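Taken in order, the sequence shown gives residues 3 to 398; the numbers are from the working numbering.
First up is the structure itself, then whatever we jot down about it.
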Amino acid sequence: MSIFSKDKKNTETHKDGFWKSVYEGEFFGRISKKEAGIRRFDVREHFKNVIFPHLKERKAAIRAAAAFLVAAGVLLYAAAGHRAVDREKEITKILHDKNTDITRQLDATASELDNVSEEFNKTLNEMEEKDNIIAETDTKLSSLLEENEEQQQLIDEQQQTIGDQQNHIDEQQEIIDNQQQIIDEQQNAIDLTDEAIREIADSIGANISSRNAGTMYNALDKINKSKQIISDTIDDPEKVKEYCDLLDRKAAEVNEDLKRYPDYEPAPGKISYTFGNHTSVRNGVTVTNFHRGLDIHNPSSPPVKSAAYGKITEVHLHNDGTGLGIYVRIDHGNGYSTLYGHLASVCVKEGQTVEKGQQIGIMGKTGAATGVHVHIEVYIDGQRVDPITYFDYEFM
Ligand SMILES: [Zn+2]
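Below, the structure written as structure tokens:
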């Protein structure tokens, strides 16, 4: 009995050791296929090389022991021969019991062996299933890796494209930067031109005097020349317009002043008497008279015209043969005013405005006049000035 107990115990020990390892998931946990293969191999080898031989060995030994006992029984039976029937029966019974017991033990062991085999097969099947799962997983993993590789390739290509585009952008940025530099330089040039033109405009303006026709005509001349230079040298039509407009505004101001500047010769003729003090000897006495205007003589009695734009402030029509006779006074609105005397007739009314060069009357000899002439007076801020400054008359 002891041999079977020991065998059984040993078998259980082996079995327990194996299943312990199996059920604790050492084989079916999250381990690599390779590892699993190695472990499975080990278990198979273990069964093949250790457990099975051991069991087979025991089985053979048990069978041999049984056979031996049976053979011994037969031999004893034969040897006893003629021994007492009781003894024979007793021995036969013992042998029978022993045989039965052995057979029973043998069957139990065989059954146990079958169970182990069955469990082992189950385990192998499970391992096969796990193997399949691993293989499937492997396949999936492979295809995933393949996809991943393709995606990586795609990403690499896109990366390359992005890199190329970045280079392209960088090149364009460089071009833009260069263009910006050119634009900046041009802008600087424009700024300088701008500044220069404004300085020109300012300098033209600074030298203009509404009391000096020379500066005004000179300014207009400069303005026209500047406009010509601007048109010839600047490409940008908007800038040309801007600068020309600037200069035109200056020109308009100058023209406005010029309009009121009394330099239009009121009538054709020659100077018969100048402005200022005149000394003469009458009856041996030297007399000094102050002539308040400039006399322009013309026997053909031409029209008399306004020396500048302005408003008629006085029309003196009373003629008693003294003084200036029929005369007209005009306020030009800029501190200037003019007077035209000895007129034969007048064609304007008080309060009316007249343009520079507009007719106001006819040259005559009304008042204290010895011949047909126009007596011209010019005032600045109420003070008489020599009219010769404003006109280009010649002496008689
Ligand atoms: Zn006079």
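Just so you know, even glycine gets a beta-carbon here, dropped at the ideal spot from N, CA and C.
Since the model is a prediction, treat every value here as computed from it, not as a measurement.
As the crow flies, the alpha-carbon of residue 207 is around 22 Å from that of residue 192.
For residue 274, the uninterrupted beta strand (DSSP E) segment begins and ends at 272-275.
Those residues that bring their Cβ nearer than 5 Å to a heavy atom of ligand 1 are 295, 297, 377.
Around the beta carbon of residue 365, a 10 Å sphere encloses 16 or more other beta carbons of the protein chains shown; the residue is thus reported as buried. Per DSSP, the continuous alpha helix (DSSP H) segment holding residue 126 begins and ends at 87-208. Looking at the DSSP output, residue 385 sits in a beta bridge with 382. For the 8 Å CB-CB criterion, residue 334 and residue 310 form a contact. Contact between residue 229 and residue 268 fails: their C-beta atoms lie close to 33 Å from each other, not under 8 Å. A Cβ-Cβ separation of about 12 Å leaves residue 363 out of contact with residue 326 under the 8 Å criterion. By the CB criterion at 8 Å, residue 265 and residue 221 fall outside the cutoff. Between residue 248 and residue 390, the gap from beta carbon to beta carbon reaches 8 Å or more. Note on residue 260: 16 or more other CB atoms within 10 angstroms of its CB, so buried under the neighbour-count rule. Separation of residue 167 and residue 161 (C-alpha to C-alpha, rounded to the nearest whole angstrom) is 10 Å. Nearest Cα to residue 346 within the set 172, 323, 339, 129: 323. Looking at the DSSP output, residue 240 shares a beta bridge with no other residue.
Within a 10 Å sphere around the beta-carbon of residue 340 sit 16 or more other beta-carbons, which makes this residue buried. Residue pairing for residue 299: DSSP places it in a beta bridge opposite 272, 375. Here the alpha carbons of residue 242 and residue 381 stand approximately 41 Å from one another. Residue 331 is bridged by DSSP to 316, 341. Collapsing the DSSP output to three states places residue 262 in coil. Straight across, the Cα-Cα distance linking residue 354 with residue 379 is about 19 Å. Three or more pairs of CB atoms, one per stretch, sit closer than 8 Å, so the segment 67-75 contacts the segment 91-107. Assignment of beta-bridge partners to residue 365 by DSSP yields 345. Under the three-state reduction of DSSP, residue 283 is assigned to strand. Rounded to whole angstroms, residue 234 and residue 190 show a C-alpha spacing of 20 Å. In this chain, residue 50 is not harboured by any beta strand (DSSP E), its DSSP state being neither H nor E. For the pair residue 120 and residue 158, the Cα-to-Cα distance works out to about 55 Å. Taken through DSSP and simplified to helix, strand or coil, residue 324 comes out as coil.
Residue 289 and residue 278 have their C-alpha atoms spaced approximately 14 Å apart.
Judged by DSSP in its simplified three-state form, residue 70 adopts helix. Judged by DSSP in its simplified three-state form, residue 212 adopts coil rather than helix or strand. By the C-beta density criterion, residue 343 is buried, having at least 16 other C-beta atoms within 10 angstroms. DSSP places residue 305 inside the beta strand (DSSP E), whose first and last residues are 305-307. Inclusion of residue 392 and residue 298 in the CB contact set at 8 Å is not warranted, their separation being larger than that value. With 16 or more other Cβ atoms from the protein chains shown falling within 10 Å of its own Cβ, residue 367 counts as buried.
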